[in-house]
Every structure is written in C-alpha cells, then in structure tokens.
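Novice: Sharing a structure below in structure tokens format, with a few things to ask.
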Amino acid sequence: MWDFVVVGATSAGVALARDLGGDGERSVLLLDCRDAQGGAAPAVRPHVLEFDGWVAAGAVEWAPEAVLPHFKQCEADREFGSLRYHGSSGPLRLWRSPEERWTALDRGFRSAAVEKGHPWAPDHNAPGVLGVSPLAWGGLDSVAGIETLQVEAVDRVLLDGYQAVGVRVLANSAWQDVEAKEVFLCAGGVATPGILQRSGIGPADYLDSVGIRPVLDLPVGQGLQVHPQLRMVAATEGTAVSGGPEENSPGGMLARWNTGLEGTASGDLMAWTVNGTGMANGQGGLTGALAQVFSRGTVQVAGPDPVAAPWVDAGMLSDSLDGYRFRLLYRHLSDLAARPSLAGCLREPQDAAGDAWVLDRPSEDLDGWLRSVVEPMGDYAGGCRMGSDGDPAVVVDGSGRVRGVRGLRVADSSISPTLVRAAPLLTDVAIARKVARMVAEGISLQGVGKKP
530 MWDFVVVGAT SAGVALARDL GGDGERSVLL LDCRDAQGGA APAVRPHVLE
580 FDGWVAAGAV EWAPEAVLPH FKQCEADREF GSLRYHGSSG PLRLWRSPEE
630 RWTALDRGFR SAAVEKGHPW APDHNAPGVL GVSPLAWGGL DSVAGIETLQ
680 VEAVDRVLLD GYQAVGVRVL ANSAWQDVEA KEVFLCAGGV ATPGILQRSG
730 IGPADYLDSV GIRPVLDLPV GQGLQVHPQL RMVAATEGTA VSGGPEENSP
780 GGMLARWNTG LEGTASGDLM AWTVNGTGMA NGQGGLTGAL AQVFSRGTVQ
830 VAGPDPVAAP WVDAGMLSDS LDGYRFRLLY RHLSDLAARP SLAGCLREPQ
880 DAAGDAWVLD RPSEDLDGWL RSVVEPMGDY AGGCRMGSDG DPAVVVDGSG
930 RVRGVRGLRV ADSSISPTLV RAAPLLTDVA IARKVARMVA EGISLQGVGK
980 KP
C-alpha cells in the first residue's frame, strides 16, 4: 500500500508528487495517463490580490500573503529570479525569448500595442503590471525520480464507506486496484470532477440518472469556468517553431489591460501573438481572451464508463458582462491588426472557422459571429470549488479535502473558487505546492505514517 497516490501527471500532479515525496520518508506513486511528457507552456502569474476573492469565497487559507511564497518558490526565472517577488531555485524553469529572436509578428504586435497606448512592461509577472511584454514560458522538470505508473484510464476512487483506500485504473490493458492511505486528484479541470462523479461523489440525482450509485451528494462539476478565446489565424513570416526546450521556444508577446467597466478587475482582457505553435508551417496570428470570467457551466460524466467522453459546457459568454467584453476584445484585436506596424505581418487573416477576418464587422452581425467562433483557452477550473463548510456550492475545504470523505483531496485548478486572470501553469503548480505544504504540516485526517 502506498502512502500517497497522485492521480494525473499534469503540472500540478508532478509538482505535488515531488513535494510529497521530497523527504523520502513516505511512499508516493504518480499515476500518469498522459500521452506525452515534457513541453513548455505560457507561464503567466495572476495578480496576487486576486486571492482576496478566494478568501471572500470562504477559502481563508489562500490569502495573498499565504499564496505569494508558493509562486516564488515554484519558479526559477532566468531573467528576473533575483528580484524579491520572483524565485530562482524552484522546479519550474521560466524564460523569455531574447530580443534578437523575436519574430516580425512579435515586433509588429509590440509596436502596434504601444501605439494603441499599452505601456511596455519587460516582466508581465511583476506585481500589478499591465501592458505589453515578452511572453514567459515555463517547463517543469520531467517525472524522472518519481515512482510512476503509466495508465490508460482512471476509473474511480475506491471507497471503504467514507474513507478513500485507493484508485481503480487500467494499466497494461488490465484493470487493477492501486491501494493508498491518501489519494490526491490532479487530473485537470475536466477529468478530476469526472473521477469524483464516477466514484459516486457528485449531484446525487444526476449520478443516479446515468447509472452511478450516489455515495455523497456534492456539487461536483458545477460552477465550471474557462477563458473564452478569439483567434485570428494568418500567414506570417519568420514564425518560430513549436515549443519545447528553451532554445526552441515559440517566443511571443502578451498584452494585458483593463476595460475599466464596473464590476471588473485589473487585467480583465489579454491578447498574445502565436508563432506557429500547433499550426501549419508559416501560420501564426493573434489570440485574445477574457482574463476575468463571470460565466459558469458544468461538466458531467456520461455514465460509469471511464473511457466515454464527458459532457462539458462552461457556459462561455452566457454572462452579459462577458458577452459585452468579448465584443470589446474583437474591436481591440481588429484595431491592432489594422495598424501598419502589424498589418504587414498578417496576410489573409481568418477566424477560427476559416472565414476571412472582417476588421469592422457590423454590430448587428457581431454577437452571432462571436458565438460561432469562441473557443475555450487553457484548462477548465472550478468544478470542485473550495470554500467554507456552510456554502452549498463547495466541494473541498481550504486544504483540498473532499467534504465528507477521509483521505481524499483535490490539488489542481478544479478547486479554484474563481478562475484566475492568467494562463493556468503557474497557478496549478502553486496550488499543488501549497496543498503539499499543508500535508507536511499535518493537516491530514488519517495521519499518514512514515515508511518503516
């Protein structure tokens, strides 16, 4: 029997497994259901004062001053690691492409953004910074050194009454039970709620309707959020190759700004250049997204089959303020793309559906078109919300423990009370490391012992 089993070799799962087993005193197994290892992702830090909103939602353990150290300790920032609000020795390597490697698209975007009034900001992860910046990329060390089991699928958490005792997985084409004293779910914003639901933890009436015996009636999968994004795809020159090691990273520029609308917070919109990552050769473009999101939706398993695709509807643009700001985002992207400094870098721009991008689309056609091309950006969040015991929307407490179950925690973006105004990588790793610290400090219901 393992002391700790971590489900999901996501950035959060790898960071959590490393920290849980860091002293070598406890046995840790990481269940890896990914098809590939490694790679890089945008490393954008949320404004730390966002976590005041988490406290207001009942997650009192996640105040800004309690969270900031985990952002600092998780990173090794190549350019800014010596500054007091950054880190230089963490497991997450951060880098930015040097100016001599910026593409024509990056240079054009920077010029157009500055012309439009965005200030130049060399470090978008500095406290409270808005403006246009070189996009930071992050790469977590591989799973080397972590005991790992490659699995094809994860079925459910094994329960003995209301005690988690392991995980049922498909490995080497055979179903097997992996026993554990404590289980941590880090499978991502869609998969983590799905595992809980297949375990009988979720909305009881719904689970019963799809053939799953309810064990605990909790709002798992409800309140789901994701960043709605708008893509402009174009033929570009000098695009960088797709991501990976630092010397081969996609580069890019990022702009973050305020709409200033009532009810919105700092940096509620963002846009960035795309230098060929995941696209055909010679393709690139611009992408914009709502950083602050008010819309919510649901994720639901289709039934007990762990291989069946879940039903995911994050309710993108269902909130009127989201819809209005998405229109502003379109106008902003079109204004940037029309400026001479950038227009020459974007040949024959198209939308996500492959139709020609119209720079000045009529207002009467705008909403319908935006709903036809909106896409989710990054991982989903909020399907296992964290908060106080008295809140009916809450699934886990402030240390990630699932309400009513011993030995079961969630430690990824699923627990976010609200979606952060940033790409998910840094926040996922910070969440995992804070949960690991809570475990190390003895916040564990069953008191996991050391290895003999």
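Residue numbers for the sequence shown, in the numbering used here: 530 to 981. In this text, a Cβ means the ideal position worked out from N, Cα and C, and glycines have one as well.
Considering only residues of the stretch 778-857, which uninterrupted beta strand (DSSP E) runs meet the minimum length of 3 residues and lie entirely inside it, listed in chain order?
Specialist: With a minimum length of 3 residues, the continuous beta strand (DSSP E) runs that stay inside the stretch 778-857 are 782-786, 798-803, 812-819, 826-829 and 840-842.
Novice: Would you call the CB atoms of Tyr909 and Leu753 closer than 7 Å?
Specialist: Closer than 7 Å, so yes.
Novice: Give the DSSP bridge partners of His576, in chain order.
Specialist: DSSP output for His576 lists no bridge partner at all.
Novice: Taking Arg639 as part of the beta strand (DSSP E), name the residues at either end of that continuous run.
Specialist: That residue, Arg639, is in no beta strand (DSSP E); its alpha helix (DSSP H) goes Ala633 to Lys645.
Novice: Look at the Cβ atom of Val476, then the Cβ atom of Met915, and state whether they are nearer than 7 Å.
Specialist: The question about residue 476 has no answer here: the residues shown for the chain are numbered 530 through 981.
Novice: Count Cβ pairs between the stretch 547-559 and the stretch 669-679 that sit closer than 8 Å; are there 3 or more?
Specialist: Taking 8 Å as the limit for Cβ pairs, the verdict is that the stretch 669-679 does touch the stretch 547-559.
Novice: From Arg607 to Val822, what distance separates their C-alpha atoms?
Specialist: In a straight line, the C-alpha of Arg607 is about 31 Å away from that of Val822.
Novice: Nearest by alpha-carbon distance to Glu554: which of Trp531, Val949, Val749 and Gly936 is it?
Specialist: Here the closest residue by C-alpha is Trp531.
Novice: Alpha carbon to alpha carbon, what distance is there between Pro732 and Pro743?
Specialist: For Pro743 and Pro732, the distance between alpha carbons rounds to 8 Å.
Novice: With contact counted as at least three CB pairs below 8 Å, one residue from each stretch, are the stretch 796-804 and the stretch 684-694 in contact?
Specialist: Verdict: no, contact absent.
Novice: Would you give the residue range spanned by the alpha helix (DSSP H) that Arg547 belongs to?
Specialist: Counting along the chain, the alpha helix (DSSP H) containing Arg547 begins and ends at Ser540 to Leu549.
Novice: What does the alpha-carbon distance come out to for the pair Glu791 and Arg890?
Specialist: Each residue's alpha carbon lies about 26 Å from the other.
Novice: At the level of alpha carbons, what is the spacing between Ala546 and Gly927?
Specialist: So the alpha carbons of these two residues sit roughly 19 Å apart.
Novice: Rounded to a whole number of angstroms, what is the C-alpha to C-alpha distance between Val836 and Ala585?
Specialist: Those two C-alpha atoms are separated by around 37 Å.
Novice: Quick one: complete beta strand (DSSP E) runs, 3+ long, within the stretch 897-957?
Specialist: With a minimum length of 3 residues, the continuous beta strand (DSSP E) runs that stay inside the stretch 897-957 are 904-910 and 937-939.
Novice: With burial defined as no fewer than 16 other Cβ atoms inside 10 Å of the residue's Cβ, what is the status of Leu578: buried or exposed?
Specialist: Leu578 is exposed by the Cβ-count criterion.
Novice: Just to confirm before moving on: does the CB-CB distance between Cys715 and Ala843 stay below 7 Å?
Specialist: In this structure, Ala843 does not lie closer than 7 Å to Cys715 by Cβ.
Novice: Going by DSSP, what residue range makes up the beta strand (DSSP E) through Thr677?
Specialist: Taken as a continuous stretch (DSSP letters only), the beta strand (DSSP E) holding Thr677 covers Thr677 to Gln679.
Novice: Tell me which residues share the same chain as Gly619 and place their Cβ nearer than 7 Å to its Cβ, disregarding the 5 neighbours each side in the sequence.
Specialist: Excluding sequence neighbours, Gly619 sits near Gln602, Cys603, Glu604 and Ala605.
Novice: Smallest Cα separation from Trp786: which of Val949, Gly780 and Leu819?
Specialist: Nearest of Val949, Gly780 and Leu819 to Trp786, Cα basis: Leu819.
Novice: Helix or strand or just coil, what does DSSP make of His861?
Specialist: Of the three classes helix, strand and coil, the one that applies to His861 here is helix, per DSSP.
Novice: Are three or more beta carbon pairs between the stretch 894-901 and the stretch 854-863 nearer than 8 Å?
Specialist: Flag = yes, the stretch 894-901 and the stretch 854-863 touch.
Novice: When we look at the beta-carbon of Trp649 and count the other beta-carbons within 10 Å, is it buried (16 or more) or exposed?
Specialist: Exposed.
Novice: Whole angstroms is fine: what's the gap from Ala763's alpha carbon to Pro878's?
Specialist: If I take the Cα positions, the gap works out to 4 Å.
Novice: What's the call for Leu720, buried or exposed, on a 16-neighbour Cβ count within 10 Å?
Specialist: The amino acid occupying residue 720 in the given sequence is Ala; Leu does not appear at that position. Buried is the call here.
Novice: When we look at the beta-carbon of Asn701 and count the other beta-carbons within 10 Å, is it buried (16 or more) or exposed?
Specialist: Looking at its Cβ environment, which holds fewer than 16 other Cβ atoms inside 10 Å, Asn701 is exposed.
Novice: Taking the alpha-carbon positions, what's the Trp666 to Gln726 distance?
Specialist: So the two alpha carbons sit approximately 34 Å from each other.
Novice: So if DSSP puts Arg760 in a beta bridge, which residue, or which two residues, is it bridged to?
Specialist: DSSP, once it has assigned bridges, lists Thr816 as partnering Arg760.
Novice: Can a CB atom of chain D be found closer than 7 Å to the CB of Ser626?
Specialist: In summary, chain D is missing from the structure at hand, where a single protein chain is found.
Novice: How many angstroms separate the CA atom of Val543 from the CA atom of Leu888?
Specialist: The alpha-carbon atoms of Val543 and Leu888 are separated by roughly 43 Å.
Novice: Does the separation of the CB atoms of Gly668 and Gly912 fall below 7 Å?
Specialist: No, the Cβ-Cβ distance between Gly668 and Gly912 is not below 7 Å.
Novice: Out of curiosity, what's the CA-to-CA distance linking Val643 and Val661?
Specialist: About 8 Å.
Novice: Check Ala565 in the structure and name its three-state DSSP category.
Specialist: Model confidence at Ala565 stands at a pLDDT of 44, short of 50, so the residue's coordinates are unreliable; what they give is reported in the following sentence. Coil.
Novice: Tell me whether the beta-carbon of Leu955 lies closer than 7 Å to the beta-carbon of Arg574.
Specialist: Yes, they are a contact pair.
Novice: By Cβ distance, which residues of its chain are closer than 8 Å to Asp737, with the 5 residues on each side in sequence left out?
Specialist: For Asp737, where only same-chain residues beyond five positions count, the Cβ hits under 8 Å are Pro743.
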